[in-house]
Amino acid sequence: MTEKDLPALNIADLQSLLRRREVSPREVLDALRARIEDVDGEVDAYLSTNFEAATKEAEKANVDLPLGGVPIAIKDIISVAGEPCTCASKILRGYRALYDATVIRKLRAAGAIPFGKTNMDEFAMGSPIWTNSPWVRPRKIPVLS
Numbered sequence: 000m001t002e003k004d005l006p007a008l009n010i011a012d013l014q015s016l017l018r019r020r021e022v023s024p025r026e027v028l029d030a031l032r033a034r035i036e037d038v039d040g041e042v043d044a045y046l047s048t049n050f051e052a053a054t055k056e057a058e059k060a061n062v063d064l065p066l067g068g069v070p071i072a073i074k075d076i077i078s079v080a081g082e083p084c085t086c087a088s089k090i091l092r093g094y095r096a097l098y099d100a101t102v103i104r105k106l107r108a109a110g111a112i113p114f115g116k117t118n119m120d121e122f123a124m125g126s127p128i129w130t131n132s133p134w135v136r137p138r139k140i141p142v143l144s
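First residue of the sequence shown? That's 0 in numbering that gives the first Met the number 0, and the numbers climb one at a time after it.
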């Protein structure tokens, strides 16, 4: 398995590798960062990332927890303390969450490592948005039909 293979793994397979210590949380995070840097300029999937904080969490991750060491992206409508939370709206540009949402507290308790906020339609209102697929580049793919 190479670094390029890691971002394509599902959580169960990734967790299995982490528990067997065949890969470290830091290696997984580094592989995700490389993949995001490679394709996100075209697909615009992430509104923000914080690999510095995620790396600190990865260094002390307990891989024996249910989601131990698994990096996870969070929709930009969910609060992660200290991170931007714009709901993909220019009106909230610059706002940083003051607390972790309940789901984030539970994910962290299970060992997951939030590392970035993903794009969405503004305020999750269901308006049609367009994005690119990292597998079918550079064609535009409608998210909602």
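Ideal placement from N, C-alpha and C gives every residue a C-beta, glycine not left out.
Would you decide whether residue 58 is buried or exposed? Buried here means 16 or more other CB atoms lie within 10 Å of its CB.
exposed
Determine which residues share a DSSP beta bridge with residue 113 and list them.
71
Quick one: what does DSSP say residue 146 is sitting in, helix, strand or coil?
Examination of residue 146 is not possible in this model, given that the chain is present from 0 through 144 alone.
Can you tell me whether residue 68 is buried or exposed, with buried defined as 16 or more other CB within 10 angstroms of its CB?
It is buried - the Cβ of residue 68 has at least 16 other Cβ atoms within 10 Å.
Among residues of its own chain, excluding the 5 on either side of residue 98, which ones have a beta-carbon nearer than 8 Å to its beta-carbon?
78 and 80
Distance, Cα to Cα, residue 124 vs residue 111?
27 Å
On the three-state DSSP scale, how would you describe residue 48?
strand
Helix, strand or coil at residue 6 [DSSP, three-state]:
helix
Measuring straight from C-alpha to C-alpha, what distance separates residue 114 and residue 70?
Distance between the alpha carbons of residue 114 and residue 70: 6 Å.
Classify residue 11: buried if its beta carbon has 16 or more other beta carbons within 10 angstroms, exposed otherwise.
exposed
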